[in-house]
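Trainee: Residue numbers (our numbering), protein chains in the order written: chain X, 1193 to 1434; chain V, 1193 to 1434; chain H, 27 to 300; chain L, 27 to 300.
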């Protein structure tokens, strides 16, 4: 029952691995787990990987206003970004607007933010949603805030790298337009993933468990990283090792 | 022979009259006479008319770089601007590129600067060229840096208001696409204007002399204005009353 | 362009006409909440609200108060405080027209407005329902390449930009520092109204270090002093957001009645403190 | 993106490859003249020089030294000092390809580059010989209006932006103050090379008053110390232009021989003072 680390710590560790090789990562304002993961990867590269946290003052060296994030992405100066979704489907489409018919949705969410742009332009977009249920992972989203794949000819240097949830990690195949189950988090099973996932996905015969955080990494997260994210995500910093 | 004022003082005075009603005037970096005239008009409006002098630090409240001049013009926030030309023709076309065939011109000038934009967008463009000869005022320019008039349908809220030279002031009729001789500077004649002008223009039966600077205005030019332009056009300030 | 831009907050709010296209910044850029309460107090109606590129409490309250006809935004979010109940309710009851957007589209269309362009292209968007829901956006073939579809956005030219800033001078210059979207808003808009924490007698352009962070007076029509004018939202470097007040708002705004009761309290409170 | 951008002037110049699309600012924005002399010394060839939106002595010298294949500019002017003899001579002898432009077109095309747009529209231009001389510019009908022709400019995406600034920090941030075109140049270019009067050990983002006037390190590849690096052009707030030196240049450059002799003197002089 107690693996010696929290789910948040596992997710931070998984995302930090996914960011390997990136030169610059941007994290949204209310994304503490990706934020912590980006700061961890920055630490591991001794500052070589740059991190911009939108809404932060410490981790924001922009001088051209809010548009700079998007201009940078278009310039190829953003290697990774995170997107979530009230609904995510098996083609990688995401819905940040609402369920039912638009615009009088049954459930209305805040809106699409920068997704309909960054999802096209950032090479490595990591879909991240802790809740792993059929409510979120649906056969077909009700509203496409941004599509997972585009028709041939549409300018799209970026797109989904994969989907990380509280239960598992899926990679995304941009040719096949499908997710592939790569690992199941310790304490969970392929059966559970099948039960909780509303879309079809590729599943190898053997699915490994997601590698647990290395002790040194855990120590880093609980030490320096926790201190660093306290400025940007104060509530999260005080709870995420629980 | 000595009217009690210099030609530069007369021109400053004429331009200041033409700027009546403007809220904001932009003057180019190397245009001391228009610059002095704009500062004079500003003085007469007790600062209500704003003056931007490109290249100046004192008369430049821009914070968006060089593009701000052009964006402001497109926003309708620039009421008057000045353009010159190595050649100017009777349709108001101006040439700032060179004579003969492009691009191996016989005589090459610096280039078109912002003319191919501001001439279209600024409501009151005053063409200003001291030299009044058939070399400058030609039947047809060799290269159109910017045309005096545009075909119907072309977006053009701005255009030529008139042409001021060292000899005379012409208004420009945007319907007729022609200049009209409005006044001849004291000491010159309609005959002289005809001799020195390479294009046809409308000429009323009676052409008045350009009104001489009022004594109060002359005092202002020689006092406060001279001091103010010393910062921006130091060489000019020391000579222009001669 | 206004020779004497300094005025009272009530006058500033009174100068926003019904039906105006009003552009406002997101929560971390300086939100004119005191002015927003004055707008609600004066009963402004029919606004076309453009959020650059999102809004929170400001859009929520204006929508709840019935001031908004059209809402153009990439999101309305109160973050961790919970749903924007009045926004959600107004959509469900079709009380407002929504123009859902994406952040860079708001920025780009505003930059087109700033530059006097009729339109500007933007990457992304193709294949989204966002694009499908916006008949005012067009897809063309890039004239410089074969088989390269691209979206064109019409320019946004607001009537009025409204925001809150730390400092202005009495000549009409406003200090915004790194919040450059405020400058774009001012450039693109016919008029700019600003509330500030303080008004200086010293020309901001006199200080070479401050000048790069200034909205020049030529763009600024009205400036009103409003101490803690972003409250209950924070103003970076000056005061934090009043989380307790926002939480109480979100609790109250679950029903229209709760919202109206709460609003009454806020409007009264401001009137007393002003 | 470079972890350690500080280098020697010679290294900076050596990192500009032959044939690079190099973007440079106008005379009042910080011209990297010391770096330009280094470029000439190393014998750079085939540059596509983009001037934002004009140039003076820098373009004139690079053209005279045979470093330029294509010159894209709204003007080359030495102002009251007289004609840019080498520029005029190179055009007459067809030694360079000229792309005559107009100031807002350079700015807009660079902004398109900054935004990753393939093109951007611009008003004006229609009916000019400037437009007629630029087959790379296109006229379309505004898709949002009937019978409204408008010019589309392809984006400018330089390989390298090169300018001179008063101050950098050792992390790679560069202070430009109000010279915002330098920021646009840096955003639009693949790499940015800067010479500076001084390098600080203190992070420029640590000072909230300076931060709005900074080009962030992420855009800056190389920074070299070059005291009086704009000479003989001035640097606002630091030193005036050396009018005597520029006058002597213009006198000498009337002939190619005079130019080459003068250049030799300048290159020698720099080597000594560096």
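Here a beta-carbon is modelled for each residue, glycine too, at the ideal position from N, C-alpha and C. No experiment lies behind these values; they were computed from the predicted model shown.
At the level of alpha carbons, what is the spacing between residue 1240 of chain V and residue 1360 of chain V?
Mentor: Near 29 Å, if we compare the C-alpha coordinates of residue 1360 of chain V and residue 1240 of chain V.
Trainee: So, does the CB of residue 121 of chain H fall closer than 8 Å to a CB anywhere in chain X?
Mentor: So no, residue 121 of chain H is outside the interface.
Trainee: Quick check on residue 140 of chain H: does DSSP put it in helix, strand or coil?
Mentor: Note: residue 140 of chain H maps to helix in three-state DSSP.
Trainee: Go ahead and label residue 1194 of chain V buried or exposed: buried means 16 or more other beta carbons lie within 10 angstroms of its beta carbon, across all protein chains shown.
Mentor: Exposed.
Trainee: Could you tell me which residues DSSP puts in a beta bridge with residue 1218 of chain V?
Mentor: DSSP lists V/1244 as partners of residue 1218 of chain V.
Trainee: Just to confirm my understanding: we take residue 1380 of chain V, look at its own chain, exclude 5 residues before and 5 after, and list those with CB closer than 8 Å. What are they?
Mentor: 1359, 1360.
Trainee: Residue 1242 of chain X touches chain H at which residues, Cβ-Cβ below 9 Å?
Mentor: Here the premise fails: no neighbours, minimum Cβ distance about 17 Å.
Trainee: Where does the unbroken alpha helix (DSSP H) through residue 126 of chain H begin, and where does it stop?
Mentor: Careful: residue 126 of chain H lies outside any alpha helix (DSSP H), inside the beta strand (DSSP E) at 123-126.
Trainee: Just how far apart, CA to CA, sit residue 42 of chain L and residue 64 of chain L?
Mentor: Approximately 10 Å between the Cα atoms of the pair.
Trainee: At the 8 Å Cβ level, is residue 162 of chain L part of the contact set with chain V, yes or no?
Mentor: Taking Cβ atoms only, chain V never reaches closer than 8 Å to residue 162 of chain L, which makes this a no.
Trainee: Does chain L have any CB closer than 8 Å to the CB of residue 1267 of chain X?
Mentor: Output row for residue 1267 of chain X: interface = yes.
Trainee: For a minimum of 3 consecutive residues, which ranges assigned as the beta strand (DSSP E) are wholly contained in the stretch 140-225 of chain L?
Mentor: Segments of the beta strand (DSSP E) lying fully in the stretch 140-225 of chain L: 145-148, 164-167, 175-180, 186-195.
Trainee: Would residue 1425 of chain V count as contacting chain L if we go by Cβ distances under 8 Å?
Mentor: Not closer than 8 Å to any Cβ of chain L, the Cβ of residue 1425 of chain V fails to qualify, so no.
Trainee: Answer yes or no: does any C-beta atom of chain X fall closer than 8 Å to that of residue 303 of chain H?
Mentor: Residue 303 of chain H cannot be examined here, being either before or after the span of chain H that is shown, 27 to 300.
Trainee: Taking Cβ-Cβ distances shorter than 9 Å, what residues in chain L pair up with residue 237 of chain H?
Mentor: In chain order: 203, 204, 239.
Trainee: Which residues bound the alpha helix (DSSP H) around residue 1261 of chain X?
Mentor: Residues 1259-1266.
Trainee: Just to confirm, is the Cβ distance from residue 1202 of chain X to residue 1402 of chain X under 8 Å?
Mentor: Yes, the Cβ-Cβ distance between residue 1202 of chain X and residue 1402 of chain X is below 8 Å.
Trainee: Interface residues of chain L around residue 147 of chain H at Cβ under 8 Å?
Mentor: Chain L residues near residue 147 of chain H: 143, 144, 145, 146.
Trainee: Out of H/273, H/185, H/54, H/186, which has the shortest C-alpha to C-alpha gap to residue 1252 of chain X?
Mentor: Cα-wise, what sits closest to residue 1252 of chain X is H/54.
Trainee: Please work out which residues of its chain come closer than 8 Å, Cβ to Cβ, to residue 1372 of chain V, disregarding the five sequence neighbours upstream and downstream, and give them in chain order.
Mentor: Contacts found: 1362, 1363, 1364, 1365, 1393, 1394, 1395, 1396.
Trainee: Once DSSP output is grouped into helix, strand and coil, what is the label at residue 233 of chain H?
Mentor: Residue 233 of chain H: coil per DSSP, three-state reduction.
Trainee: Between residue 1405 of chain X and residue 1205 of chain X, is the Cβ-Cβ spacing less than 8 Å?
Mentor: Yes, they are a contact pair.
Trainee: In angstroms with no decimal places, state the Cα-to-Cα distance between residue 50 of chain H and residue 281 of chain H.
Mentor: Taking the straight line from one Cα to the other gives about 25 Å.
Trainee: Following the continuous beta strand (DSSP E) through residue 1279 of chain X, name the residue where it begins and the one where it ends.
Mentor: That run of the beta strand (DSSP E) goes 1279-1281.
Trainee: Does the structure place the stretch 238-250 of chain H close enough to the stretch 188-205 of chain H that three or more beta carbon pairs sit under 8 Å?
Mentor: Segments in contact, yes.
Trainee: To the nearest whole angstrom, what separates the beta carbons of residue 1319 of chain X and residue 1354 of chain X, a pair I think is in contact under 8 Å?
Mentor: Contact flag correct, Cβ pair sits at about 7 Å.
Trainee: Taking Cβ positions only, does residue 156 of chain H come closer than 8 Å to chain X?
Mentor: Output row for residue 156 of chain H: interface = yes.
Trainee: For residue 1320 of chain V, name the three-state secondary structure that DSSP assigns.
Mentor: In this structure, residue 1320 of chain V counts as strand in the three-state DSSP scheme.
Trainee: Along chain X, in chain order, which residues have C-beta atoms closer than 9 Å to that of residue 134 of chain L?
Mentor: By Cβ distance, chain X contributes nothing, its closest Cβ being about 14 Å from residue 134 of chain L, past 9 Å.
Trainee: Can you give the Cα-Cα distance for residue 1207 of chain X and residue 224 of chain L, rounded to whole angstroms?
Mentor: Between residue 1207 of chain X and residue 224 of chain L, the C-alpha separation is close to 40 Å.
Trainee: List the whole-angstrom C-beta distance separating residue 180 of chain L from residue 162 of chain L, where the pair is believed to meet the contact cut-off of C-beta under 8 Å.
Mentor: Going by Cβ atoms, the distance from residue 180 of chain L to residue 162 of chain L rounds to 6 Å, so yes, they are a contact pair.
Trainee: Look at the Cβ atom of residue 1222 of chain V, then the Cβ atom of residue 128 of chain L, and state whether they are nearer than 8 Å.
Mentor: Cβ distance not < 8 Å, so residue 1222 of chain V and residue 128 of chain L don't count as in contact.
Trainee: According to the neighbour-count rule (16 or more other Cβ atoms, all chains shown, within 10 Å of its Cβ), is residue 1422 of chain V buried or exposed?
Mentor: That one is exposed.
Trainee: Could you tell me the alpha carbon to alpha carbon distance between residue 1309 of chain X and residue 1338 of chain X, rounded to whole angstroms?
Mentor: Straight-line Cα distance between these residues: approximately 8 Å.
Trainee: Is there a Cβ from chain V that is less than 8 Å from the Cβ of residue 140 of chain H?
Mentor: Residue 140 of chain H counts as touching chain V.
Trainee: Count the other CB atoms, across all protein chains shown, that sit within 10 Å of the CB of residue 1474 of chain X; report buried if there are 16 or more and exposed otherwise.
Mentor: Chain X is shown only over 1193 to 1434; residue 1474 of chain X falls outside these bounds and no answer can be derived.
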